[in-house]
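Residues 493 to 974 in this note's numbering are what the sequence shown lists, from first letter to last.
We put the beta carbon where it would ideally sit given N, CA and C, even for glycine.
It should be emphasised that the depicted structure is a prediction, and the values quoted were computed from it without experimental measurement.
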Amino acid sequence: MTPDTKQKNPPEESGRKEPSVVWRDFLRSFCKLWWLAAVLAVLFGVSTLAIAVKAYQPMYKAEATFTVETYTTQGGYTFFYDNQTASQMALTFPFLLDSDLLLDRVKADLGVEFLSGTPSAEVIENSNLFTLSVTSYDPQAAYDILLSLVKNYPAVAEYVIGRTQLNMIDHPEFPEEPYNSTQYLRSSATGCMGGFLIGLMVILIHALLRNTVRKETDITQKLHSTCLGSIPLVTPKRNRKMQNLSIHNTKVGSPFKESLRGLALQTTRVMEDKKILLITATTSAEGTSTVAQSLAQVLSDQGKRVVLIDGDFSHPGIGGTGFEQYLLGNSSVQEVTCQMVAGSVCLLRCDRPLTPREQSMVAEPLAKLLTALREKADYVLLDAPPCENLEQVAFLAEQAEGILYVIRQDHAKLPNIMNCFEDLDQFEARILGCVLNGIRSGITGYGYGYGYGYGYGYGYGNSYRYGGYGEEKTGKYAAHKE
């Protein structure tokens, strides 16, 4: 849809995100989902440790180091070959370990049908020095097999390379301890690291798939609408409570106040001669009540006659004024309009939620009241439910002359916002512009709008009161989510 704006629609941005946006998305996702990486790290660490404990099998190794010399006897004399010749012949030694002839002699020597160990040999290059080893689950078997190999090797080698002699350098010793020591700590640490990295990958994917409004240019380039203002998210200091969220409260930072005054200025400009403004959002957690009530307060400070109607009849806010009495026919329009005083906000809110049957009866009296207010009030603000419940917004939108759309930064999905825009397009009232609410500052912020880190705040589990008309609400993130 094309809202009521003189600004030309800029071209669509490509789907590729800027590296800085990806980084901030990742940081924000990590702040929300860090527990996932921690849980995966613990699960993988414990699982890896359990597997390592279950799969661990101690292995024992028996070793002997020796040299091999070949010799021959002629005429009663024994002749040894030189080392070079001996080393050439000794290269055949590892291959003899795999020969059935040697292994069969070892089996016969030990009186077993199969060997419960694995022999291996390592030859030092350009020498006749060997290290013979046998590994086995049984330390006694490894030791016995090694002794049998040393014993039977000369007789078998005589058939291949002639007579040989083994000169022991390091004699075989019984293996007391397994050579494959347990690595439980390393295995657990490896599992933890793997789980944590998988968690980071999941968080990165979550960040890459985020398709929300993060900055003012997203409103103009992706929604083809006008951003009338942005409101900073002001966080409270530790152990600091905010009892009065108002532009008159000296504890509220100036960026919050100035953003609201700027929003009021831009809103009145685009409204021109219109009086009835519908304020809505995509979801119920984007700050429509904060924007509506603060905007009404700013306009009343300018001497305007402002009427603020809480249009969420299913969930009215705290501090009702008995508006249901008029809606259900128990009072007249004159009794309602007589409450208006220049320079103050006339709040119309039900004391209790209306039943579905009662809500079906409010359209006609509300239309009659708005007709009267067009003549007597300067501005009528309709604090509407979110557009995801279109049936609750429809009769309000039919009476409105313009729509101010609240978008909480990095909250509602962009396709959902666009769907709500299309739903609102069926009504005569047009979207005059949007307000970007709850802009963050710091390392997880996007660096646009009012990014001030003041030590004051609203919501976050503390109570607050809107000055001027005595509304109180409580709840986590109340001010930016109501």
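My assumption, with CB atoms under 8 Å, is that residue i sits in contact with residue j. Please give the rounded CB distance.
i      : j      : result
PRO907 : ASN672 : That belief does not hold up - the Cβ atoms of PRO907 and ASN672 are roughly 56 Å apart, past 8 Å.
TYR552 : SER628 : 6 Å
CYS926 : THR760 : Actually they do not touch by this definition, with Cβ atoms about 16 Å apart.
MET739 : SER786 : The question names Met, yet the displayed sequence has Ile at residue 739. Contact holds; Cβ gap of about 7 Å.
VAL798 : ALA869 : 7 Å
SER640 : VAL604 : Between VAL604 and SER640 the Cβ distance is about 10 Å, and since that is not below 8 Å, they are no contact.
GLY811 : ARG841 : 7 Å
To the nearest angstrom, how far is the alpha carbon of residue i from that of residue j?
i       : j      : result
ASP793  : LEU752 : 12 Å
ASP1011 : PRO808 : Summary: the structure shown does not reach residue 1011, with the chain confined to residues 493 through 974, and so no result is reported for it.
TYR548  : THR674 : 7 Å
PRO511  : THR780 : 31 Å
VAL545  : LEU589 : 33 Å
PRO845  : VAL885 : 16 Å
MET693  : PHE522 : 11 Å
ALA649  : SER679 : 44 Å
ILE661  : ILE616 : 14 Å
ALA533  : VAL513 : 27 Å
GLY951  : LEU725 : Annotation note: pLDDT 32 at GLY951 (below 50); position unreliable, no value reported.
PRO857  : LEU519 : 50 Å
GLY821  : TRP515 : 56 Å
PRO550  : LEU658 : 30 Å
PHE887  : LEU791 : 25 Å
ALA904  : GLN713 : 17 Å
ASP915  : ILE768 : 19 Å
TYR676  : VAL538 : 10 Å
PHE748  : ALA681 : 47 Å
LYS1052 : GLN758 : Because residue 1052 is not part of the residues shown, which for the chain are 493 to 974, the question remains open.
PRO631  : VAL531 : 41 Å
ASP765  : TYR871 : 10 Å
PRO756  : ALA889 : The question names Pro, but residue 756 in the sequence shown is Ala. Distance between the alpha carbons of ALA756 and ALA889: 20 Å.
GLU778  : VAL854 : 26 Å
LEU621  : TRP527 : 57 Å
Grab me the residues of residue i's own chain with a C-beta within less than 7 Å of its C-beta, minus the 5 sequence neighbours each way, in chain order.
i       : result
ALA784  : ILE771, LEU800, LEU873, ASP875
LYS536  : Note that residue 536 is Phe in the sequence shown, not Lys. Cβ neighbours of PHE536 beyond the five flanking positions: GLY683, CYS684, GLY686, GLY687.
ALA864  : VAL825, THR829
ALA556  : LEU624, LEU638, VAL642, MET660, ASP662, HIS663, PRO664
GLN918  : none
LYS1056 : The question about residue 1056 has no answer here: the residues shown for the chain are numbered 493 through 974.
ARG706  : VAL513, GLN901, ASP902, TYR938
ALA788  : VAL798, LEU800, VAL837, LEU873
THR813  : LEU839, LEU840, ARG841
Less than 6 Å between C-beta atoms, sequence neighbours within five positions excluded: which residues of the same chain meet that for residue i?
i      : result
SER776 : PRO878
SER506 : Confidence at SER506 is low in this model, with a pLDDT of 45, below 50, so its placement is unreliable and no value can be given for it.
VAL626 : ALA554, GLY609, PRO611, ALA634, ILE637, LEU638
ASP496 : Note that ASP496 has pLDDT 45, beneath the 50 cutoff, so the model's placement of it is unreliable and no number is given.
ILE909 : THR774
GLU614 : THR623
LEU882 : ASP915
LEU525 : ILE695
TYR818 : VAL828
PHE666 : TYR635
Using 10 angstroms around the beta-carbon of residue i, count the other beta-carbons present and answer buried if the total reaches 16, otherwise exposed.
i      : result
GLN826 : exposed
ILE697 : exposed
PHE815 : buried
THR540 : buried
ILE931 : buried
GLY691 : buried
ILE695 : buried
PHE558 : buried
GLU867 : exposed
VAL833 : exposed
ARG849 : exposed
ILE899 : buried
ARG862 : The question names Arg, yet the displayed sequence has Leu at residue 862. When all chains shown are included, LEU862 counts as buried.
ILE543 : exposed
ALA529 : buried
GLY745 : buried
GLY803 : buried
ASP592 : exposed
GLN831 : exposed
Looking only at its chain, what residues have a beta carbon closer than 8 Å to the beta carbon of residue i, apart from the 5 residues adjacent to it on each side?
i      : result
SER806 : PRO845, LEU846, GLN851, PRO877, GLN884
PHE606 : LYS599
ASN644 : LEU594, ARG597, VAL598, ASP601
Contact between the region 681 to 693 and the region 892 to 904 (3+ Cβ pairs under 8 Å): No, the region 681 to 693 is not in contact with the region 892 to 904.
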